[in-house]
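One structure below.
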Amino acid sequence: MEDGPIYSVTEARALVPQIRGTLLQLAVERHRAEAAHVALHHSLDGIDDTSDDRARERFEAATAEHRSLADALLGHLHSLGVVVRDLEAGLVDIPTVRDDERAWLCWRLEDPELAFWHTTREGYASRRPL
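In the working numbering, each residue's number is its place in the sequence shown (first place is 1) plus 9.
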């Protein structure tokens, strides 16, 4: 765990709606990027090289835009001290202190509230109720 913000359970719980919103935005951007990829493949079927180049340029521009937005969203989470462990599952760790030692508050997108923690030497499988 690097230097950065440390959250109490109350502070982290207040942060969860913001984290949830950011993770949902990331999922939307991932879906849009995948849709652009599928659209490119459909548009390339049976067209000439000139059209192929234009379609590829549009795809690359769209991909760059989605990547830029995703990077900004991940950067926002990082600036909060939140560590994304599994983007697909929406699994994040939020830095805290328990028993005078640094630890992680563990939250998943499907969790209704922040309710678990684990030490910095452990992971999701070792999470314990607060």
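Where is the CB? At the ideal position from N, CA and C, for every residue including glycine.
Residue range 125 to 128 is occupied by the beta strand (DSSP E) that includes residue 128. A residue is called buried when at least 16 other Cβ atoms come within 10 angstroms of its Cβ; residue 21 meets this threshold and is buried. Only exposed fits residue 84, as fewer than 16 other CB atoms lie within 10 angstroms of its CB.
Pairing residue 96 with residue 33 gives a Cβ-Cβ distance that is not under 9 Å. For the options 103, 73 and 109, the alpha carbon positioned closest to that of residue 117 is the one of 103.
Closest in C-alpha terms to residue 27, from the list 122, 130, 132 and 70, comes 122. DSSP, reduced to helix, strand and coil, places residue 100 within a strand of the structure shown. Annotation: the continuous beta strand (DSSP E) that includes residue 92 extends over 92 to 95. Contact check for residue 94 and residue 100: beta-carbon distance about 4 Å, within the 8 Å limit, so the pair qualifies. If you draw a straight line from the Cα of residue 132 to the Cα of residue 25, it comes to about 19 Å.
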